[in-house]
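Here the structure is laid out as structure tokens; the discussion comes afterwards.
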Amino acid sequence: MEPDIFILLLAIPLVSGALLTVLGEREWAPNLNIIASGGTFLASVLLTADIVAHGPRFALGEQFFIDSMNVFFVTLTAFVGMTTSIFSGPYMKNEREHGRLSAPRLRLYKSMFQMFMFTMLVALTTNNMGILWVAMEAATLTTVLLVSLYRTPASLEAAWKYFILCGVGIAQALFGTILLYFAAERVLGETGNALLWTHLVDVKSQLEPHIMALSFIFLLVGYGTKVGLAPLHNWLPDAHAEGPTPVSAVLSGLLLNVALYAILRCKVLADGAVSPDFAGNLMMGFGLLTLLMAAFFLGRQKDIKRMFAYSSIEHMGLITFAFGMGGAVANYAGFLHMTMHSLTKSAIFFAVGHATQKTGTQLIADIRGLIHINPLIGWSLMLGTLAILGMPPFGVFASEFMILTHAMKHYPWTTPILLTALGVAFAQIFGKVQPMVFGETHAKPLPHAPAITPVFLHLALVLMIGLYIPPYLTRWFHEAARMLG
Amino acid sequence: MSTIPLSAQLINLCASVILLLAFAMLAQRRVMQLINLFALQGLVLCLSTLVVAVTTKQHHLYWSAGLTLLLKALLLPWILHRLVRKLYVKWDIESLVNVPTTMLVGVVLVMIAFNVAQPISLLSQTISRGTLGIALAVVMLAFLMMITRTKAIPQVVGFLAMENGLFLAATSATYGMPMVVELGIALDVLVGVIILGVFFFQIRDQFDSLDIRNMERLKDN
Amino acid sequence: MPALLSIDYLLIAVCTWLAIGLAGLLAPRNMHFISKVLFPLGALVGLGVGITALCFLGDRAETAVLVIGLPTLPFHLRLDNLTAVFALLLGFASVGISVYAAGYFRSGEGTAPGALCLEYHIFLASMLMVLLADDAYAFMVAWESMALSSFLLVTTDHRHEAIRRAGYLYLLIAHIGAISILLAFGVMTSGSGDYTFAGMRTQELSPFWASVAYLLALVGFGAKAGLVPVHVWLPEAHPAAPSPVSAMMSGVMLKTAIYGLLRVSFDLVGTPLWWWGVVAMAVGLVTALFGVLYSTVQSDMKRLLAYSSIENIGLLAVGIGLALVFHSYKMEALAALAMTAVLYHCLAHAGFKSLLFLCTGSVLHATNERSLGKLGGLIHRMPWVAWLALLGVIASAGLPPLSGFVSEWLLLQAFLFSPGLPHSWLNMVVPVAAAVVALVAAMAGFAMVKFYGIIFLGQMREPNLTHAHDAGPWERAGLVWLAALTLLLGVLPSTVIGLIDAATQQMLGTGLADKVREHGWAMLAPISPDRASYQPLVFLATILAALWVGRWLVHRFYHGRVRRSDPWDCGYFFQGPRGQDTADGFSQPIRRIFEPMFRMERHFPTIRDEKPYYSVKVEDHFWYWLYLPAARLVERISGLVIRVQGGRIAVYLLYSFLTLILLLLVARP
Amino acid sequence: MSISGLLGQLFAIVLALVLAPLLTGWVNQCRAWLQSRSAPPLLQPYYMLHKLFRKDVVLAHNASSVFRTAPFVIFGCMLLACAIIPSLSTDLPFAPAADTLALVGVFGLARIFISLAAMDIGTAFGSLGGRREMLIGFLAEPALLMVIFTLAMISQSTSVATIVETLAHREVVIYPSLAFAGIAFTFVSLAENARVPVDNPATHLELTMIHEAMILEYSGRHLALIEWAASLKLYAYSCLGLALFFPWGIAAGDSILGLAGAIPLLLMKLAIGGALLALIETVNAKMRIFRAPEFLGTAFMLAVLGLLVRLLLETRV
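Chains as they are written, first to last, in our numbering: chain P, 124 to 608; chain C, 2 to 222; chain H, 11 to 679; chain W, 65 to 381.
In structure tokens form, the structure reads like this:
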């Protein structure tokens with residue numbers, strides 16, 4: 124056992140966050156941010172290698188547990204975190220030169236970004252359902268500060284709604300956690316281990332079904348608020364649209380995933396205790412409702428980031444639906460889709476960020492001709508959009524293909540709903556993005572060249588997975604899917 | 002009937018008081034009074050935890066009781082008081098719509114909560130098991146309170162009252178969560194309130210009031 | 011090193027095309043490198059594809075499994091005779107189009123040449139992959155890549171709002187079609203979860219589910235092919251695209267949809283039911299009639315051709331329907347006749363429609379004008395294009411001795427034998443269908459005369475047309491290639507049928523080749539010479555003889571004197587270009603006779619008009635019957651759903667609260 | 065294909081070339097008689113052709129090569145049609161070159177060329193004529209095809225020779241469908257040959273003409289060829305009608321005797337047909353151009369009815 128890597132993984136963001144807070148906004152602060160994120164990513168890769176080589180393991184006693192399921196999320200999180208920090212370098216410089224952000228705000232941004240990464244990594248790696256809750260709440264707090272970074276009325280309003288809705292939601296999750304502890308205690312006794320997931324899984328079939336059902340409802344509603352399941356999603360478009368774009372990218376690409384990850388951990392337990400359909404049906408129902416509603420929301424959007432926020436909701440609905448169906452294929456597809464969505468959506472937000480900076484507006488109607496302003500931005504937005512809409516050969520299609528075919532096989536009645544939603548979403552999003560990318564424009568170039576590498580890095584990965592999923596990734600997904608039962 | 006031990010009776014009493022306070026908060030228009038009621042609720046919560054701790058000899062429950070007292074009965078009310086003073090909203094009065102209806106809805110919620118909790122609390126072996134329903138009811142009432150409030154501070158108080166309900170649930174169903182979790186929760190709550198405090202000032206700067214009805218501009222329709 | 015199979019060659023071709031495309035990104039602005047090196051290379055690869063397919067025809071199917079794809083479903087590929095026929099089409103058509111494109115694309119506005127090169131070659135490669143795919147995933151990936159790359163090609167000149175709209179509509183309908191196809195595949199697996207085509211072949215579907223699968227496939231592939239009512243994208247996208255792309259889409263891409271339909275209905279879905287054929291026939295007839303009617307009234311030359319493509323696709327669907335009907339009654343010989351007609355028409359249409367689209371490209375380059383009302387007399391300035399276009403026009407009008415006639419002839423022959431069907435209703439209806447086909451064929455002639463006469467003949471309608479120039483050498487070479495294909499397909503039907511018969515045999519178990527071969531290469535007699543026969547060479551020889559011998563005779567016995575003067579025109583002296591029929595005027599009889607078929611907005615001048623003008627705008631009924639209502643419905647639902655996001659936090663909390671309460675009350679383990 | 069067959073074929077072609085203007089002349093003469101005019105000589109069309117061939121060609125300045133090629137192509141098409149249609153004998157070496165469907169194609173090709181040529185000069189009348197010709201064409205063509213379908217179903221073949229043999233050399237069976245088809249065919253023939261009531265071959269009244277409008281700009285040898293081709297077309301249609309509906313007397317083989325017997329019969333039939341045509345042209349008035357669709361629509365309906373009658377009543381015969 125080599126705990127140092129794991130410690131490093133958590134320590135880097137924590138320490139660098141603290142450093143960035145203490146030292147303030149300096150010339151090298153963005154680089155420190157990037158280096159820290161890169162270090163985190165490196166640590167996550169090493170950790171992954173370790174897990175792949177030696178199998179799941181504990182850390183810090185039994186408080187942290189890393190298996191193939193969460194190590195994968197850790198890598199993904201660290202990766203997107205790294206690319207986001209790269210992206211935010213020039214982005215934030217431009218913001219500062221536009222006078223939209225001052226140095227203290229930038230300090231806040233960077234430290235909170237690292238803290239956010241820390242909380243997410245804790246949430247992903249912890250073995251304790253209580254700590255999971257604490258980390259989720261902490262993630263909310265850090266992101267609230269990030270969302271309100273601009274201190275404009277709109278961003279404050281968004282942050283307030285975010286705080287209150289997610290706070291209330293997460294309180295429900297706490298109630299669920301209490302009930303879970305209650306159920307576990309009856310089996311495991313009053314040790315501190317009763318909230319440890321590894322212990323809970325071992326005894327999941329003995330947990331009292333009534334309590335577990337109730338607990339799962341609270342957990343689903345609670346964490347589901349953070350996932351953005353309809354009708355609990357209302358905070359999400361506001362927060363995405365009003366925060367700085369890098370924050371939108373990590374919210375969409377990572378936070379939603381982590382919340383869903385929390386639900387998945389709970390689902391495993393609920394499946395074991397209650398009849399296997401209970402949690403699944405609930406998730407399928409929420410998933411379908413979310414998917415459908417989000418698709419119809421898309422049509423009326425005037426703000427580009429808001430629109431992609433709804434797109435995130437839509438995809439979260441689809442993923443939730445996939446996990447709700449359960450089974451090896453659907454779970455696999457769900458994980459794949461989460462990955463693809465994270466990568467693609469954050470890439471889109473990067474592109475959107477540059478686009479909005481170039482044009483000085485987030486209004487769809489005012490953004491035109493990106494491909495003339497900067498062909499790379501234009502193409503990346505176009506390709507990203509097509510990818511997120513499920514056009515092959517991008518990876519999103521692979522997962523959607525699997526989800527759809529699985530649904531067709533096991534729940535044929537859901538296919539019309541799924542297809543309606545996907546079709547409507549396609550029409551709406553594409554109809555809005557196309558004139559933004561193409562068309563005429565008069566915008567001028569920006570002082571700092573955009574960091575476009577992250578976008579294409581993401582899209583290249585998505586493209587690769589659409590055509591070829593490397594065997595180790597498959598193995599990961601399979602392991603993870605098996606863990607979900 | 003008389004088999005219920007004294008401690009349990011005390012706990013039930015505390016729980017009932019908490020529920021009563023929840024109703025009182027639901028109907029309370031003045032912000033200062035609301036904070037006071039919240040502090041009182043925290044105190045009763047602390048008492049009930051203490052009773053459980055004494056009865057069951059669970060050591061960590063002493064710690065949680067202390068934590069509750071410190072945080073919910075003293076620190077948070079103090080912060081809130083300070084905020085109210087600094088924000089000059091001491092005499093803010095909310096125009097609650099239709100208090101009787103709200104109360105009625107509250108009663109229905111209590112019934113629902115009891116019904117939901119009933120089968121579960123029977124499974125519990127804790128002496129405080131009967132209060133699980135009350136805890137759920139408190140959570141829901143706090144929820145209702147957040148829905149009905151139009152000012153920022155009372156909404157936050159509602160949010161904190163919900164935490165109280167959760168804490169009651171934790172002690173009543175399971176004699177409290179593991180210590181590390183409780184500490185984490187407490188820390189989160191504290192940080193949350195501090196952040197919110199900062200927020201209040203920003204909101205007031207931007208909107209000239211803490212009325213959250215001003216914050217309805219981000220919408221789609 | 012083991013010998014490479016044909017499928018390997020085709021895979022190499024796919025990779026080469028992709029590599030050529032990527033090479034374009036190396037020097038995205040170097041027009042010379044891209045057009046004079048990469049596009050000709052692509053044409054060479056196309057030639058290779060065509061020759062490989064040609065050599066393969068008649069061989070046993072070859073399969074391959076690639077490493078890429080889903081872990082549970084890697085790309086399965088299969089080369090069989092049906093694939094080979096369409097690969098042949100793709101390869102040979104692409105040669106002409108790529109060569110033409112080498113001379114056509116110039117750097118200017120819109121997409122950079124490098125990106126264009128990439129998109130174009132991805133388009134080619136994905137079409138070949140569509141043909142090769144042997145599992146649902148590979149098929150869908152290739153299919154959508156094809157849609158995507160062609161969408162990007164269509165929007166090459168994306169500064170124009172109309173072009174963007176066209177692209178949007180195209181991709182949207184393509185996507186919906188793709189969803190439908192995916193569903194069809196899903197139904198065909200019948201729950202086995204085996205998404206390879208081999209797996210689907212082994213499934214025995216109940217008639218109901220088989221019908222569902224067939225109808226879904228018809229909708230899905232119909233959306234790509236342009237069957238009514240999912241045709242609306244076609245007349246928008248084709249004119250919007252650069253001409254080589256229009257040619258590629260119309261000539262080749264639409265055929266991949268036909269390929270898909272054939273693949274599903276004759277290969278994957280199992281035994282067909284008789285009414286499937288009737289459905290296809292009905293849809294086909296409506297499409298053909300609709301297409302040809304609308305093509306006659308267009309005043310944009312590329313739209314005219316696009317509608318003409320719709321018509322041809324309709325005829326193909328009729329042929330497929332007929333083949334299905336015969337096939338379902340086990341009348342395989344007749345099914346083979348109809349099937350041959352379908353395959354032949356695919357080839358023929360690929361040739362002549364690509365040719366015509368490329369000709370419009372040359373006209374566009376020479377004049378910057380797409381509207382028929384502003385063209386005219388171009389034969390004097392661009393004789394090469396004009397004469398080659400004449401070949402295309404004659405073929406497209408379905409006249410001997412060119413390619414279009416052969417397939418129409420075969421189709422009508424197939425119709426003639428339908429009275430043998432053991433179904434009295436069908437017996438009655440099918441001849442009427444034949445009548446409609448005849449009408450369509452005749453009206454295609456009208457449309458083509460309009461197309462040709464207005465663009466190339468008459469007086470120049472605009473003064474700037476005098477500066478028009480003929481196509482350059484590359485363009486000319488591409489046109490000649492396609493014209494040669496059209497001519498060859500026209501005069502050597504027996505040989506060609508002998509080649510493509512392998513596909514018919516594969517689908518139906520029997521073919522025409524044996525009978526056709528009996529009578530030598532010069533005569534086409536699919537059943538027996540007593541019943542029907544056709545010798546296109548005699549036609550050609552007679553006409554050429556009349557031309558040369560007649561001319562010689564007249565000169566020999568009389569004289570060859572020619573005097574030039576002003577036209578006579580019954581003595582009218584005002585003979586400006588405005589005196590000619592406009593594009594609208596030419597089609598006036600059609601609009602008048604078929605008035606209910608069009609949605610027209612007309613403006614008639616009155617006596618008091620200061621500036622009298624006449625205008626007519628013809629629109630598609632389906633747009634108002636189907637698409638706008640659907641869009642409005644979505645819009646309305648959106649309007650309802652959007653209310654959820656009302657901005658008030660208390661309401662949001664209430665949603666959350668009610669959700670919780672509802673779940674607590676309802677959800678029970 | 066025997067030498068005698070080839071000779072027979074050549075003879076049929078030469079006969080067509082010779083007889084066609086004569087038929088035109090005959091029709092004109094009959095018409096003049098019926099209209100109480102003094103008739104032109106029977107050989108007038110020959111004189112005219114000779115005169116036209118001798119004259120210079122006057123081409124419009126912007127006449128293109130299409131304009132100059134078209135007369136030859138049209139002439140060739142008509143020649144081919146005449147070579148295929150059995151006038152004297154069914155044993156024609158050219159016959160397998162085209163069945164009835166291809167024959168329709170041949171007429172279509174000629175029509176397209178003449179329309180294109182009409183549009184080539186770019187005059188108002190030219191394009192008017194071209195448009196109307198195509199209009200008549202696309203209305204007449206399906207009707208003709210339906211007629212052919214009826215016949216083809218009776219004889220189980222689309223080959224003209226086979227149809228004629230079936231109808232002529234079998235025991236007499238009454239086919240009601242043939243009556244429908246015959247009327248439809250007559251209609252179509254009138255329209256296709258630019259006859260009253262659809263067109264008037266004798267008019268240059270600008271708003272009513274179709275065929276004449278298209279050839280306004282032709283002169284000299286080109287006009288001669290076109291006029292000759294028009295005569296050939298009339299001849300071809302007549303022979304086709306006779307062969308399809310009155311096939312008796314057409315020789316089955318290529319014996320000289322059979323041919324010798326067929327010639328007078330053909331002449332007689334043509335004479336009667338020409339006279340009838342003149343009669344029709346005399347008793348009818350020319351229709352407005354937009355009545356033409358109704359006229360041809362009727363023909364189409366009749367042909368389809370004939371087909372249905374054939375399917376309904378005669379399939380069990």
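Even glycine gets a Cβ: it sits at the ideal position worked out from N, Cα and C.
Only a predicted model underlies this, so the values are computations on that prediction, with no experimental measurement involved.
Check: When the distance is taken between beta carbons, is H/L142 closer than 9 Å to H/L21?
Finding: Taking 9 Å as the Cβ cut-off, H/L21 and H/L142 qualify as a contacting pair.
Item checked: Contact list for the stretch 142 to 159 of chain C against chain H, Cβ threshold 9 Å -> Closer than 9 Å at the C-beta level to chain H, one finds these residues of the stretch 142 to 159 of chain C: F144, L145, M147, I148, T149, R150, T151 and Q156.
Notebook entry, point to check: Taking C-alpha atoms, which residue in P/L459, P/N217, P/A402 and P/L224 lies nearest to P/I526?
Noted result: For P/I526, the nearest C-alpha among the options comes from P/L459.
Next item on the list: Quick one: which residues of the stretch 329 to 342 of chain P get their C-beta closer than 9 Å to a C-beta of chain C? List them in chain order.
Entry: E331, H333, I334 and L337
Notebook entry, point to check: Hey, is W/T63's beta-carbon within less than 9 Å of any beta-carbon in chain H?
Noted result: Given that chain W is displayed from residue 65 to residue 381, the structure contains no residue 63 of chain W and the question cannot be resolved.
Check: Is there at least one Cβ from chain H nearer than 9 Å to W/E205's Cβ?
Finding: It does: the Cβ of W/E205 has a partner Cβ on chain H nearer than 9 Å.
Next item on the list: Ignoring anything shorter than 3 residues or poking outside the stretch 96 to 163 of chain C, list the beta strand (DSSP E) runs there in chain order.
Entry: List check, beta strand (DSSP E) in window: nothing returned.
Notebook entry, point to check: Would a C-beta distance cut-off of 9 Å place C/K220 and H/G649 closer than the cut-off?
Noted result: no
Checklist line | Where the beta strand (DSSP E) containing H/K627 begins and where it ends | finding: S625 to E629
Note to self: From the DSSP secondary-structure annotation, give me the bridge partner or partners of C/D212.
What the structure shows: C/K152
Notebook entry, point to check: Hey, quick one: how far does the alpha helix (DSSP H) through H/L89 stretch, first residue to last?
Noted result: H/L89: not part of any alpha helix (DSSP H); member of the beta strand (DSSP E) spanning P84 to L89, first to last residue.
Next item on the list: Hey, could you find the ends of the beta strand (DSSP E) P/V326 is sitting in?
Entry: Looking at the DSSP string, P/V326 is not in any beta strand (DSSP E), and its letter there is neither H nor E.
Next item on the list: Could you please give me the residues that DSSP links to H/D619 through a beta bridge?
Entry: The partner list for H/D619 (beta bridge, DSSP) is empty, contrary to what the question assumes.
Margin query: Strictly by DSSP, which residues pair up with H/S381?
Written below: H/D310
Check: CB H/W27 to CB H/A94, shorter than 9 Å?
Finding: no
Note to self: On a Cα-Cα basis, can you pick out the residue from H/L674, H/T297, H/G519 and H/A112 that is closest to H/L54?
What the structure shows: H/A112
Note to self: Let's test the definition: count the other Cβ atoms within 10 Å of the Cβ of H/Y582 and tell me whether it reaches 16, buried, or not, exposed.
What the structure shows: exposed
Item checked: Backbone secondary structure at W/A45 - three-state DSSP -> For chain W, the structure presents residues 65 to 381; residue 45 of chain W sits outside this window and is missing.
Check: Can you give the Cα-Cα distance for W/I314 and W/I149, rounded to whole angstroms?
Finding: 11 Å
Check: So, is the C-beta of H/A376 closer than 9 Å to a C-beta in chain C?
Finding: no
Note to self: Is H/R653 close to chain C? Criterion is C-beta to C-beta, closer than 9 Å.
What the structure shows: yes
Margin query: Beta carbons nearer than 7 Å to chain H: which residues of the stretch 107 to 127 of chain W have them?
Written below: F117, R118, D120, V121, V122, L123, A124, H125 and N126
Notebook entry, point to check: For W/V260, which three-state DSSP category applies?
Noted result: coil
Next item on the list: Rounded to whole angstroms, what's the CA-CA distance from H/V255 to H/L278? Just pull it up for me.
Entry: 31 Å
Notebook entry, point to check: If you check the beta carbons only, do P/A474 and P/G457 fall under 9 Å apart?
Noted result: no
Checklist line | P/H438 classed as buried or exposed, judged by whether at least 16 other C-beta atoms fall within 10 angstroms | finding: buried
Notebook entry, point to check: Under 9 Å, do H/L15 and H/A74 count as touching if we go by C-beta distance?
Noted result: Going by beta carbons, H/L15 and H/A74 fall inside the 9 Å limit.
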